[in-house]
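**Q** Before we start, here is the structure in question, set down as structure tokens.
Chains as they are written, first to last, in this note's numbering: chain A, 94 to 206; chain B, 359 to 465.
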């Protein structure tokens, strides 16, 4: 089965600072990759998904961006963080090599101060 | 556009009191419906994948079923350790989640 590595686990950043969260996948090839954000007590909001290298679809307008420089690497970035960017960020993987199950990383708790 | 609606938002149960959670969905081409369990501050933990109407899967006190428009997660004789948020997601060309049902089981 797949393993999703996501780091860091927690992050405190000042308003206006840049952001880079990285997610890497092991145990599969050519997966679909996702970034979600979860506010406290809420469901998972899909931010970006990617079906291949360099292919990014954005679901929600925001000051975040995503990139997929390699098949099993997915990066979430921001040039200038806002207070509203605080939340729990999750990377997920589906598909790849005939696998239709979905796997999650352990998440990054981002607090913008 | 894919839509996933879970009900109820919250469910408080006494230990041993069986109940069901609902996930209704609208999706163009369903490739799979997933159920996850999430504990506070952690990533979702995979429970089941259902692929076609009529399919059922069981794991300990949990049983998931699927129709063409909805899925149910049945919790039989729950224990306090079953307390968690249960998330439903549909997968066509992307993975879309409902808002979840928070289950609290009292001893």
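For every residue, glycine included, the Cβ atom is placed at its ideal position computed from N, Cα and C.
How about residue 454 of chain B: is its C-beta nearer than 8 Å to some C-beta of chain A?
**A** yes
**Q** Can a CB atom of chain A be found closer than 8 Å to the CB of residue 374 of chain B?
**A** no
**Q** Quick check on the burial criterion: 16 or more other C-beta atoms within 10 angstroms. Buried or exposed for residue 127 of chain A?
**A** buried
**Q** To which residues of the same chain is residue 432 of chain B closer than 6 Å at the C-beta, ignoring the five residues directly before and after it?
**A** 378, 421
**Q** Report the CB separation of residue 129 of chain A from residue 183 of chain A in whole angstroms; it is logged as a contact under 8 Å.
**A** Beta-carbon to beta-carbon, residue 129 of chain A and residue 183 of chain A are separated by about 5 Å, close enough to satisfy the 8 Å threshold.
**Q** Between residue 453 of chain B and residue 201 of chain A, how many whole angstroms is the CB-CB distance? I'm expecting something under 8 Å.
**A** With 8 Å as the limit, residue 453 of chain B and residue 201 of chain A do not qualify as a contact, their Cβ atoms being about 18 Å apart.
**Q** If you reduce the DSSP assignment to three classes, tell me which class residue 162 of chain A lands in.
**A** If DSSP states are grouped into helix, strand and coil, residue 162 of chain A belongs with the strands.
**Q** What does residue 95 of chain A pair with, by DSSP beta-bridge criteria?
**A** Residue 95 of chain A pairs with nothing; no bridge assigned.
**Q** So, using beta-carbon positions, are residue 374 of chain B and residue 449 of chain B closer together than 8 Å?
**A** no
**Q** Taking only the alpha-carbon atoms, compute the straight-line gap between residue 399 of chain B and residue 180 of chain A and give it to the nearest angstrom.
**A** 11 Å
**Q** Identify whether residue 369 of chain B lies in helix, strand or coil by the three-state DSSP scheme.
**A** strand
**Q** Going straight from the alpha carbon of residue 206 of chain A to that of residue 364 of chain B, what length do you get?
**A** 33 Å
**Q** Rounded to whole angstroms, what's the CA-CA distance from residue 367 of chain B to residue 434 of chain B? Just pull it up for me.
**A** 19 Å
**Q** Could you give the uninterrupted runs of the beta strand (DSSP E) lying entirely in the segment 368 to 399 of chain B, keeping only those of 3 residues or more?
**A** 368 to 372, 377 to 384, 390 to 396
**Q** Skipping 5 residues on each side, what residues in its chain have a beta carbon closer than 7 Å to that of residue 109 of chain A?
**A** 173, 174
**Q** Terminal residues of the continuous beta strand (DSSP E) containing residue 403 of chain B?
**A** 403 to 408
**Q** Quick one: list the residues of chain E neighbouring residue 187 of chain A, beta-carbon separation under 8 Å, in chain order.
**A** No chain E appears in the structure shown, which is made up of the protein chains A and B.
**Q** What does a CB cutoff of less than 8 Å around residue 106 of chain A pick up in its chain, not counting 5 residues either side in sequence?
**A** Hits under 8 Å: 112, 174, 203, 204, 205, 206.
**Q** Going by the DSSP bridge assignment, what does residue 108 of chain A pair with across the sheet?
**A** Beta-bridge pairing links residue 108 of chain A to no other residue.
**Q** With a CB to CB cut of under 7 Å and the five nearest residues on each side skipped, what residues in its chain are close to residue 191 of chain A?
**A** Since pLDDT at residue 191 of chain A reaches only 48, below the 50 mark, its modelled position is unreliable, and no value is offered.
**Q** Going by beta-carbon coordinates alone, are residue 447 of chain B and residue 396 of chain B separated by less than 8 Å?
**A** Their beta carbons are not under 8 Å apart, which means residue 447 of chain B does not touch residue 396 of chain B by this criterion.
**Q** Does any residue of chain A have a CB that is nearer than 8 Å to the CB of residue 392 of chain B?
**A** yes
**Q** Is it the case that the Cβ atoms of residue 455 of chain B and residue 380 of chain B are separated by a distance below 8 Å?
**A** Against a cut-off of 8 Å, the Cβ pair of residue 380 of chain B and residue 455 of chain B comes out as no contact.
**Q** Thinking residue 436 of chain B and residue 465 of chain B are a contact (beta carbons under 8 Å), I'd like their distance in whole angstroms, please.
**A** Going by Cβ atoms, the distance from residue 436 of chain B to residue 465 of chain B rounds to 11 Å, so no, they are not a contact pair.
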